[in-house]
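Asker: Quick one: this structure, given as structure tokens, is what I'll be asking you about.
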Amino acid sequence: TNTSTIPIGRLAEGLARPDQFLGIHFFNPVRKMKLVEVIRGAETSDEAVATAVAYAKRIGKSPIVVNDGPGFLVNRLLMPYMNEALELVAEGVAIKDIERASRSFGMPMGPIALYDMVGLDTALYAGRVLCEAFPDRFAMSPVLPSLVKAGRLGQKSGSGFYSYANKKKRPEPDAELDRYLTPYARHHGNSPTDERQLVHRLFLIMLLEATRVWEEKLVRNVRDIDLALIFGIGFPPFRGGLIYWADTLGATKIVELLKPLESLGERFRPTPVLLELAKSNKKFYEL
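Just so you know, we're using the numbering used here here: the sequence shown kicks off at 439 and counts up by one.
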């Protein structure tokens, strides 16, 4: 499968041998991306998982076993990051500043360029699935359906958030974009003003979702989260992964950084595991 929007459990319904059914989720471009998520359904046997892991290794991939859930692992963590980028755009933050903050942090491309690469229609569909699963903290930006309705689907259509009209199909700013952004613009008193604040908005929300993934036991250990993000979305290896980066900050510091952001909504509320680590002065890698 190349989609995380269809639960493995739903696909397994009605099968005579659901214990032999699982998901093998590749990432695009498949030839380059090393990560494979092996998705264990509620009834998937250990033998089936072992077979899938061995197969993934045999074809040169790096498999990580993930329990079935909306978005699986990587896309579940990627969506809050991408959604938050659009929240920042709506608050009046310049796209170039958002992209620069992400790349300066070490990401291979900014979240807005990533939308165009994935395809805005694809992102819209995947986002709706997660919004339905987690309505308390996932909300779809109205900008996406507006752009999709206008046929601006990203690289594949020649325009999305950027224009790709040049011969090399490289992203360029598009003056036409403002007409789609302006109707949904709103200004917030807490809007970030410097690169560090932008980094916190983009990556702390991803971290909070990772703590929920851990609380739900979708993965065996926090190291799998780091490996999945490094191999799946190009999270900067020099930071050691999302969880390792969080440990360099410390849980107490993260809770402190989240306090002024909690006014933005439930999505920035510290999770129980984060609060417990701050209280006990422990690291995620000690879990």
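The C-beta atom is built at its ideal place from N, Cα and C for all residues, glycine as well.
Which residue or residues does DSSP assign as beta-bridge partners of P501?
Answerer: Paired residue(s): V474.
Asker: Please identify the residue among I502, R566, L585, H638 whose C-alpha is closest to the C-alpha of F706.
Answerer: Ranking I502, R566, L585, H638 by Cα distance to F706 puts H638 first.
Asker: Run through DSSP, which three-state label would G461 get?
Answerer: If DSSP states are grouped into helix, strand and coil, G461 belongs with the strands.
Asker: Could you work out which residue in K472, W683, Y563, D535 is closest to S442 when comparing CA atoms only?
Answerer: Minimum Cα distance to S442 is reached at Y563.
Asker: How many whole angstroms separate the CB atoms of G596 and A603, which I take to be in contact at a CB cut-off of 8 Å?
Answerer: Confirmed, Cβ separation roughly 6 Å.
Asker: Assuming L699 is part of the alpha helix (DSSP H), what are its boundary residues?
Answerer: Note, L699: premise wrong, no alpha helix (DSSP H); not H, not E.
Asker: Give me the Cα-Cα distance between G530 and M547, rounded to the nearest whole angstrom.
Answerer: Each residue's Cα considered, the two are about 21 Å apart.
Asker: Does the separation of the CB atoms of S601 and D616 fall below 7 Å?
Answerer: Cβ distance not < 7 Å, so S601 and D616 don't count as in contact.
Asker: Got a sec, what are the start and stop residues for the alpha helix (DSSP H) V491 sits in?
Answerer: Segment 484-496, the alpha helix (DSSP H) holding V491.
Asker: In the region 641-681, which residue ranges form an unbroken alpha helix (DSSP H) of at least 4 residues, counting only runs that do not cross its ends?
Answerer: Complete alpha helix (DSSP H) runs here, min 4: 660-671.
Asker: Among the residues of its own chain, which have a CB less than 8 Å from the CB of I445, if the five just before and after it don't count?
Answerer: For clarity, residue 445 is Pro in the given sequence; the question names Ile instead. For P445, where only same-chain residues beyond five positions count, the Cβ hits under 8 Å are D506, G507, P508.
Asker: Taking all protein chains shown into account, do 16 or more other C-beta atoms lie within 10 angstroms of the C-beta of R658, making it buried, or fewer, making it exposed?
Answerer: Looking at its Cβ environment, which holds fewer than 16 other Cβ atoms inside 10 Å, R658 is exposed.
Asker: Give a yes or no on whether the C-beta atoms belonging to G479 and G452 are separated by under 7 Å.
Answerer: In this structure, G452 does not lie closer than 7 Å to G479 by Cβ.
Asker: Which one of A623, V503, K605 has the shortest CA to CA distance from A486?
Answerer: Per the Cα distances, V503.
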